[in-house]
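I have placed the structure first, in the form of structure tokens, so that the comments after it can refer back to it.
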Amino acid sequence: MSRYAPNEIEPKWQAAWDEAGTFRAEMSDKPKYYVLEMFPYPSGRIHIGHVRNYTMGDVIARYKMARGFNVLHPMGWDAFGMPAENAAMASGGHPKDWTYQNIADMKAQMKPLGWSLDWTREFATCDPEYYGQQQALFLDMLEAGLVYRKNAVVNWDPVDMTVLANEQVVDGKGWRSNAEVERRELTQWFFRISDYSEELLEAIDSLDDWPAKVKLMQANWIGKSRGLRMGFERVDGGEAIEVFTTRPDTLMGASFVGISPDHPLAKALAEERPEVAAFNAEARKGGTTEEALETGEKLGFDTGLKVRHPLDPSWELPVWIANFILMDYGTGAIFGCPAHDQRDLDFCRKYDLPVTSTFVSMTEVPSVSPALSGVAFVPPKTETVRWTESFNWGEIATGEEAIAAAIELAERDGWGRGVTQYRLRDWGLSRQRYWGCPIPVVHCEACGVVPERKENLPIRLPEDVSFDVPGNPLDRHPTWRDCACPACGAPAKRETDTMDTFVDSSWYFARFTAPRAETPTEMEAASYWMNVDQYIGGIEHAILHLLYSRFFARAMEKTGHLPASAIEPFNALFTQGMVTHAIYKTEEAGRAIYHFPEEVELQGDRAVLKATGQEVEVIPSAKMSKSKRNVVDPDDIVARYGADTARWFVLSDSPPERDVEWTAAGADATQKHLARVWRIVSELPEAPEAAPQGADEALAKAVHRTIHDVTMGLESFGFNAAIAKLYGLTGAIQKSGASRAAKTEAARTLAQLMSPFTPHLAEEIWAELGGEGLITGAPWPVADEALLTDDSVTLPIQVNGKRRAEITVPKEMGKDEIEALVLQHEAVQSHLNGGAPKKLIVVPGRIVNVVV
RNA sequence: GCCGGUGUGGCGGAAUGGUAGACGCAGCGGAUUCAAAAUCCGCCGAUGGCAACAUCGUGUCGGUUCGAGUCCGACCACCGGUACCA
Numbered sequence: 001m002s003r004y005a006p007n008e009i010e011p012k013w014q015a016a017w018d019e020a021g022t023f024r025a026e027m028s029d030k031p032k033y034y035v036l037e038m039f040p041y042p043s044g045r046i047h048i049g050h051v052r053n054y055t056m057g058d059v060i061a062r063y064k065m066a067r068g069f070n071v072l073h074p075m076g077w078d079a080f081g082m083p084a085e086n087a088a089m090a091s092g093g094h095p096k097d098w099t100y101q102n103i104a105d106m107k108a109q110m111k112p113l114g115w116s117l118d119w120t121r122e123f124a125t126c127d128p129e130y131y132g133q134q135q136a137l138f139l140d141m142l143e144a145g146l147v148y149r150k151n152a153v154v155n156w157d158p159v160d161m162t163v164l165a166n167e168q169v170v171d172g173k174g175w176r177s178n179a180e181v182e183r184r185e186l187t188q189w190f191f192r193i194s195d196y197s198e199e200l201l202e203a204i205d206s207l208d209d210w211p212a213k214v215k216l217m218q219a220n221w222i223g224k225s226r227g228l229r230m231g232f233e234r235v236d237g238g239e240a241i242e243v244f245t246t247r248p249d250t251l252m253g254a255s256f257v258g259i260s261p262d263h264p265l266a267k268a269l270a271e272e273r274p275e276v277a278a279f280n281a282e283a284r285k286g287g288t289t290e291e292a293l294e295t296g297e298k299l300g301f302d303t304g305l306k307v308r309h310p311l312d313p314s315w316e317l318p319v320w321i322a323n324f325i326l327m328d329y330g331t332g333a334i335f336g337c338p339a340h341d342q343r344d345l346d347f348c349r350k351y352d353l354p355v356t357s358t359f360v361s362m363t364e365v366p367s368v369s370p371a372l373s374g375v376a377f378v379p380p381k382t383e384t385v386r387w388t389e390s391f392n393w394g395e396i397a398t399g400e401e402a403i404a405a406a407i408e409l410a411e412r413d414g415w416g417r418g419v420t421q422y423r424l425r426d427w428g429l430s431r432q433r434y435w436g437c438p439i440p441v442v443h444c445e446a447c448g449v450v451p452e453r454k455e456n457l458p459i460r461l462p463e464d465v466s467f468d469v470p471g472n473p474l475d476r477h478p479t480w481r482d483c484a485c486p487a488c489g490a491p492a493k494r495e496t497d498t499m500d501t502f503v504d505s506s507w508y509f510a511r512f513t514a515p516r517a518e519t520p521t522e523m524e525a526a527s528y529w530m531n532v533d534q535y536i537g538g539i540e541h542a543i544l545h546l547l548y549s550r551f552f553a554r555a556m557e558k559t560g561h562l563p564a565s566a567i568e569p570f571n572a573l574f575t576q577g578m579v580t581h582a583i584y585k586t587e588e589a590g591r592a593i594y595h596f597p598e599e600v601e602l603q604g605d606r607a608v609l610k611a612t613g614q615e616v617e618v619i620p621s622a623k624m625s626k627s628k629r630n631v632v633d634p635d636d637i638v639a640r641y642g643a644d645t646a647r648w649f650v651l652s653d654s655p656p657e658r659d660v661e662w663t664a665a666g667a668d669a670t671q672k673h674l675a676r677v678w679r680i681v682s683e684l685p686e687a688p689e690a691a692p693q694g695a696d697e698a699l700a701k702a703v704h705r706t707i708h709d710v711t712m713g714l715e716s717f718g719f720n721a722a723i724a725k726l727y728g729l730t731g732a733i734q735k736s737g738a739s740r741a742a743k744t745e746a747a748r749t750l751a752q753l754m755s756p757f758t759p760h761l762a763e764e765i766w767a768e769l770g771g772e773g774l775i776t777g778a779p780w781p782v783a784d785e786a787l788l789t790d791d792s793v794t795l796p797i798q799v800n801g802k803r804r805a806e807i808t809v810p811k812e813m814g815k816d817e818i819e820a821l822v823l824q825h826e827a828v829q830s831h832l833n834g835g836a837p838k839k840l841i842v843v844p845g846r847i848v849n850v851v852v
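For the first sequence, our numbering gives the first residue as 1, with consecutive numbering after it.
Structure (structure tokens):
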């Protein structure tokens, strides 16, 4: 008997697949199936989360292959991004070298796992062949009116004189300079995704095979709301201040009008009055994230200007500048209603502004007024509210009715109009960074902003750049910017902003259908392979990446790069959980320092650095991130146990949609199990020619029950449950006294059912048992319905919902007969105390409940 | 702050509204062995009991139902996203 030797069989079968071209995808008459996992960022090493993600996709791909589909399962690299520049800054190399080296290293780590990938389609988004096509796409979108320029705020580091990513802002300070970050306006390129708000929202309903939670998150993100856009007339006769509100029903509770420090009025005031300029500078401190704005300290400045309340011209409201109002949202101005909005209430209490409730009374209104309690009361939209008499639109209405009435009144009297507003903002794609796709436009003094000519694409990144000082190397490159204007030929300057890396990942799935095409896509290939039938990736991409991709598919349809059938590019989506790991953190001079797990020693509840004994803060379970140094490398698992063990192991224990905390315990057990399967196969010749009565049939039943259960599991991402059933069948074959022929047949089926999970071992068994060709792609076994049912069923008997006994009855026994049997049952009798049951519930084939 | 999710033995987890804890890990006991490794068999939520069995038990509190881990409401803790991390 030979031993289970993964290090021998795995390279052998991988070579066999390569030679046969098993995973190379070509268009054919067969039905196609496109399975895609979100492509990795080449951080340097693959981590255990990648293994889990790509093994899931591989299981699906191999299963679909066995079901007769022509499967496309490609792989590539999301290769632009900040870490490459950070590495260049830290160690002096070049982002390109760093990235391509990482790709080579990670590919070398991925190959031994035996994933059914079509490597002939591989590309990296930093290949000029890819980003050049992306530039062509950009130009087509520009021509189609889907791209424009406007001002937007960024995080500005005043010491390093550079734009910071949100991630580089830690507690409001720049991560390198430790200087307080400011919000600063820059002219940026934008995609008109908000033009598609309604369409992207409505089409969510058609995404039947998407998780409900992702659809809900997207809908909330788009955030459709009906509200009132209205002007507040200025007492001094200046230009009215436009605001948008979703709660015009609370207009009678208005205390002030607030404007953003970037509002034209605030800027104009700052020109004249130094104290306004000083406040605006102060108010611009801090990062741009919604979280920072919502949770940060609210600051205000009374401009001294007054506006009139639209319903009562004698009622004057002060105009304040407030730091929590962003110019990017709505009109950059709000009216503050402290009684019914917590943020406004906090603001008014801080600056001693009046708080007026717009309710006289209602059941839900707290007895203490917001002015005293400090707790704002948001009027319910669906419940009837008793409004104050000053409301012209009636005393009693639900919040929704009052909102509608307010809009109607405003439109009738001409001081405002009802508008549908979306939370979704246009997608700012400009990045002031080197390692990204250059935006293919030219700035000409005579012609303005001019698109590059397509024949000049790709606009390549220059290679002679330096990272020794912060800022965008393209900006300070001596010659790269210089070019001829594509329109007039005069000397001009290139755009030095590059594209957001989300652009790269918004169409790669389409590029995989024709990865070497001279145009972004090829219609024939795109029409054949699109859509992605099954997309798999992390829940952290639930909103941005998926929404941007849905927008891009529409934009590509509009510009003739995708068929109309592909505007929703992902038929089915599965969001797998993350593999998490503790983060180990210490602080030095107010800055966080992260430590690798191997640098840390655990001592009961506390953890210390091995080197110094310094106590380390343990953040229990967090997303793996290179910058947090909590990434687990799967190499030693693969090296020690083999790919099949690693593949089986990452899918066996936890449901794929759930986060798992990584532990290495259990890999031993997985390998023991695979060795046991191999041993069972090796020992088949010792099984008897003839079996005792019923043994063969019992084994066949176990086999077909398992075919059914595993197939169901594969259809519904129930990988862990499917694996549990495979453990069960293995045990059943081992313990069975069935004949050699029956056991051999069972082992062949077991190998087929295992083949998506452990393809190398499955091939080895298939060959050992005389299977024809490769097991990969061999037709999937079909369960025989006749073998799935038993002649008798065991019914639990409950008394008042608690299990007290059970009876085994023939499957076809009628309700009346079961009732009679149950009532005679000793355990039931003793609970009845001679009386009759109040109720007797018989659920055929399931359960009996006696209500006493 | 806001949006979304998760919570079940010592651990990972199973369970179309129908026997809570499948399967696996760890642990305990046994067989085999000179001994070990490997392998095989058994036990394994808590409390009480020799046992049969009884009571309790799926984050907390409440509700719907003959019956709730599952549905509804409120809360707590943790995780993801929050538009320049990818």
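The beta-carbon is built from N, C-alpha and C at its ideal position, and this holds for glycine as well.
A quick note: this is a predicted structure, and the numbers were derived from the prediction, not measured.
Asked	Found
Outcome for residue 703 when other beta-carbon atoms lying within 10 angstroms are tallied against a minimum of 16	buried
Environment of residue 348 [buried if 16+ CB atoms lie within 10 Å]	buried
Three-state secondary structure (DSSP) of residue 157	strand
Three-pair Cβ contact test at 8 Å for the region 553-561 versus the region 94-104	no
Those runs of the beta strand (DSSP E) which lie wholly inside the region 507-557 and span at least 3 residues	534-538
Assigned secondary structure, residue 595 (DSSP; H/G/I helix, E/B strand, else coil)	strand
Whole-Å CB distance - residue 73 paired with residue 57, under 8 Å assumed	7 Å
Option nearest residue 345 by Cα separation, candidates 320, 186, 630 and 376	376
In chain order, each beta strand (DSSP E) run of at least 3 residues that lies wholly inside the region 736-813	792-799 and 802-810
According to DSSP, residues forming a beta bridge with residue 54	Residue 54 pairs with nothing; no bridge assigned.
Contiguous beta strand (DSSP E) assignments of at least 3 residues, all confined to the region 388-453	396-398, 416-422, 441-444 and 448-451
Local conformation of residue 356 per DSSP, three classes	coil
Rounded straight-line distance, which links the Cα of residue 548 to that of residue 213	18 Å
In chain order, each alpha helix (DSSP H) run of at least 4 residues that lies wholly inside the region 653-739	667-682, 695-715 and 719-735
DSSP three-state assignment for residue 43, whether helix, strand or coil	coil
Sequence-distant residues of the same chain with beta carbon closer than 7 Å to residue 545, five excluded per side	502 and 505
Under the three-state DSSP convention, the category residue 460 falls into	coil
Cutoff 7 Å; reference residue 732; Cβ partners in own chain excluding five residues on either side	699 and 702
Residue 131 - DSSP class collapsed to helix/strand/coil	helix
First through last residue of the beta strand (DSSP E) which encompasses residue 241	241-245
Reduced DSSP category for residue 364 - H, G, I as helix; E, B as strand; rest coil	Per-residue confidence for residue 364 stands at a pLDDT of 46, beneath the threshold of 50, marking its modelled position as unreliable; no derived number is given.
Proximity below 7 Å, CB of residue 287 to CB of residue 155	yes
Residue nearest to residue 486 in terms of C-alpha spacing, selected from 526, 440, 465 and 508	440
Residues near residue 159 by beta carbon distance below 6 Å, same chain, minus five either side	177 and 179
Residue from 818, 425 and 171 whose Cα sits closest to the Cα of residue 295	171
Nearest neighbour of residue 828, chosen from 741, 661 and 796 [CA to CA]	796
Between the CA atoms of residue 83 and residue 594 - distance to the nearest angstrom	16 Å
Separation of residue 65 from residue 22, as counted between CA atoms	10 Å
Endpoints, alpha helix (DSSP H) assigned at residue 375	Note, residue 375: premise wrong, no alpha helix (DSSP H); not H, not E.
Assumed close pair residue 747, residue 765 - CB separation to whole angstroms, cut-off 8 Å	7 Å
Touching by the beta-carbon criterion (3+ pairs, under 8 Å), the region 560-571 and the region 507-523	yes
Buried versus exposed call for residue 104 [16 or more other C-beta atoms within 10 Å across all chains shown]	exposed
Inter-residue spacing [alpha-carbon to alpha-carbon] between residue 419 and residue 153	25 Å
Cross-strand partners of residue 225 (DSSP beta bridge)	421
Own chain, CB closer than 8 Å to residue 861, minus 5 neighbours either side, in chain order	No statement about residue 861 is possible, as the shown extent of the chain runs from 1 to 852 and does not include it.
Pairwise C-alpha distance: residue 251 and residue 310	9 Å
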